[in-house]
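Following: one structure in structure tokens, then a few remarks.
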Amino acid sequence: SVPNGIALDHPLQDDCVFAVHLHRMAQFVREQATYGRVASLDSKLVATKEMSAIEVSWCLSEGTTDRAMVSCPATTLLYPLFCAFDKWIYHLIMSVPEVVSLLRRQSLQLEGLLQQRDQMWLCLQQCKYEGLSPSNLLAFEESGFVVQWTWLKKRLLAFAAGSPLVSVQEPSLNKLKQQLDTLVVAIDRVLFNTGDGLSWSSDTLWKKGGHPRVPRLASQWEAMSLLEQESNGCILMTESSHSVVELQKLIDSCSPILFVDMKDKAELLAALCMCFWTSTDEVQRQNDTRSSQEIQKVSEAISKDLAQRRLSFEEKVHASRIDIKICTIENMLDVEKLSSLREGVTRVNNGGDEDDFLRSLLLGFAKIQVSPLAEFWCVREEAALIGILTEILVTTSDDLDSTFEQFRSLEPRFRFFVDVVLSQTCLSVADIRPYQTLLWVVGDSDVRGECLVHLLRCVIPR
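Encoded structure:
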């Protein structure tokens, strides 16, 4: 049998090769002890779910357990995978005459590959075989295994790309490698419903299809999170709130939607765009020197300004309230008399601050009541805009300048969409941040088609 890919009996082995495998002796003993213990157990223990995933897989491979008792397709492949891996590593080392000099240069890669192999075995040895259920993909804990499996595949890719050992052309060795690749494809098909070997489709989609960019530093994360929090605080309703919108409730909660106007939303949107512009590589620029401290100062200044606006709103609300329980002459007058007195005061004061506040409050609530009409249009318009952006990205030709001009012709439509969201809806400005960034790019004379295509791949997944 092949001892976990350990080839200590090779005549050319020296201290370098021995050092690669020395730390794995405990793993070798652990595996042999596990398999020896399982061989003496009753095969009916599989049904009682008292065995680990790798132990059940060993029983299936050795024929001590009926395959009809195990319905998980991945379980049957686990032990054969380790056997194929160990045989490939063993014969790879045994077949190369220059193994000593090669391993001196590739010992770190080989050691990392073997360590990851052992880590995945330990993960499977700790996972209890529980049988398939409607809520699980595998018959054992799948989250840890998927992580270990992904790391092992990355190690295999790195070893295959950087090690001259795998370039050895020998029929028996190539056959072992094909067996290993076949098992990799089979397990991938079970986990991801695909079977493309070591290069699976998710990497291709992630790298070529585009994905969102994130800040580089923790301070930039904090600044962006603060701005998004302020933006989400200015929306009318969340997914968990479905109650009727009442002005009294909005006033009692001092909802920012009552005192945040279009100018405030535009400033918040600009700050969000600047944060993404400077802290991520959505826009490929090298001449932006704004530091993360400046971004954080801007976000804190906006947050402080909104807090001051909230405090001012609370003071105005408090000043406008009349306690009807107080026995004063004003509270004993009827509505007509109060109205006549109020008109007189208004003429004398030429319209005071209190009247302006109440008038703006009622006008603001009126806009809130009709905002669903604009929001319905915005949803349909955004779907159309996403379709246009996707079509531009998919049909991009080698002439990137023509692609840039094609998008420039759509600038008025995108700008009108952003203006409607800011002025007539109660939506979060964070949701339209990608569109504003696109408008910035179109308006920048230094940015060309290549940057636009890169930006589209970053913002469309958002």
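Counting from -8, one number per residue, gives the positions in the sequence shown under this note's numbering. Even glycine gets a Cβ: it sits at the ideal position worked out from N, Cα and C.
1. Terminal residues of the continuous alpha helix (DSSP H) containing aspartate 410?
2. Roughly how many angstroms lie between the CA atoms of isoleucine 242 and leucine 263, to the nearest whole one?
3. Identify, in the order they occur along the chain, each residue of the same chain with its Cβ nearer than 7 Å to the Cβ of leucine 238, setting aside the five sequence neighbours on each side.
4. Could you pull the start and end residues of the alpha helix (DSSP H) that aspartate 243 belongs to?
5. Closer than 8 Å by C-beta to leucine 446: which residues in its own chain qualify, once you throw out the five before and the five after it? Chain order, please.
6. Note the first and the last residue of the continuous alpha helix (DSSP H) segment covering tyrosine 426.
7. Apart from the five residues on each side of it in sequence, which residues of its chain come closer than 7 Å, Cβ to Cβ, to arginine 421?
8. Please classify histidine 309 as buried or exposed, where buried requires at least 16 neighbouring CB atoms within 10 angstroms.
9. Could you say which of Ala151, Val411, Arg207 lies nearest to cysteine 369 if we only look at CA atoms?
10. Buried or exposed: aspartate 435, going by 16 or more other Cβ atoms within 10 Å of its Cβ?
11. First and last residue of the alpha helix (DSSP H) that includes alanine 455?
12. What residue range is occupied by the uninterrupted alpha helix (DSSP H) comprising lysine 166?
13. Could you check whether threonine 271 and proline 206 sit closer than 8 Å to each other, using their CB atoms as the reference points?
14. Give the single residue among Trp79, Val236, Glu258 whose Cα lies nearest to the Cα of leucine 171.
15. Do leucine 105 and arginine 15 have their beta-carbon atoms positioned less than 8 Å apart in this structure?
16. How would you label alanine 152, buried or exposed, when you count the other beta carbons within 10 angstroms and need 16 or more for buried?
17. Quick one: what's got a C-beta closer than 7 Å to lysine 168's C-beta in the same chain, skipping five residues either side?
18. Check each candidate in Ser303, Leu148, Cys50, Phe398 and name the one with the smallest Cα separation from leucine 69.
19. When burial is assigned at 16 or more other CB atoms within 10 Å of the CB, is valine 450 buried or exposed?
20. Which of the three DSSP states is assigned to leucine 218 in this structure?
21. Taking the CB atoms as reference points, tell me whether leucine 174 and alanine 17 lie closer together than 8 Å.
22. Using only alpha-carbon positions, find the residue among Leu99, Arg404, Arg300, Leu380 that is nearest to leucine 147.
23. Between the alpha carbons of alanine 292 and tyrosine 120, how many angstroms are there, rounded?
24. What distance in whole Å lies between the Cβ atoms of cysteine 63 and leucine 129, which are believed to be in contact at a cut-off of 8 Å?
25. How about isoleucine 484 and leucine 217: do their beta carbons lie closer than 8 Å?
In short:
1. Unbroken alpha helix (DSSP H) run through aspartate 410: 402 to 415.
2. Going by the C-alpha atoms only, they are around 27 Å apart.
3. By the criterion of a C-beta distance shorter than 7 Å, leucine 238 is surrounded in its chain by Phe356, once the five residues flanking it on both sides are discounted.
4. That run of the alpha helix (DSSP H) goes 238 to 243.
5. Result list for leucine 446: Glu273, Val274, Thr428, Leu429, Val432, in chain order.
6. Where tyrosine 426 is concerned, the enclosing alpha helix (DSSP H) stretches over 424 to 434.
7. Here residue 421 is alanine; the residue named in the question, arginine, does not match the sequence. Same-chain partners within the cutoff: Glu219, Ser222, Asn223, Leu263.
8. Under this definition histidine 309 is an exposed residue.
9. Out of Ala151, Val411, Arg207, the CA that lies nearest to the CA of cysteine 369 is found in Val411.
10. By the neighbour-count rule (16 or more Cβ atoms within 10 Å), aspartate 435 is not buried but exposed.
11. No answer is possible for residue 455: the residues shown for the chain start at -8 and end at 453.
12. Start and end: 162 to 183.
13. Cβ atoms of proline 206 and threonine 271: closer than 8 Å.
14. Nearest C-alpha to leucine 171: Trp79.
15. Cβ atoms of arginine 15 and leucine 105: closer than 8 Å.
16. When all chains shown are included, alanine 152 counts as exposed.
17. Shown here for lysine 168: same chain residues with a beta carbon closer than 7 Å to its own, the five before and five after excluded, namely Trp79 in chain order.
18. Measuring C-alpha to C-alpha distances from leucine 69 to each of Ser303, Leu148, Cys50, Phe398 identifies Cys50 as the nearest.
19. By the neighbour-count rule (16 or more Cβ atoms within 10 Å), valine 450 is buried.
20. Leucine 218: helix per DSSP, three-state reduction.
21. No, Cβ-Cβ distance for leucine 174 and alanine 17 is not below 8 Å.
22. Checking every option, the nearest Cα to that of leucine 147 belongs to Leu99.
23. Between the alpha carbons of alanine 292 and tyrosine 120 lies a distance of about 55 Å.
24. With a Cβ gap of about 6 Å, leucine 129 and cysteine 63 count as contacting.
25. Residue 484 lies beyond the residue range present for the chain, which begins at -8 and ends at 453; the question has no answer from this structure.
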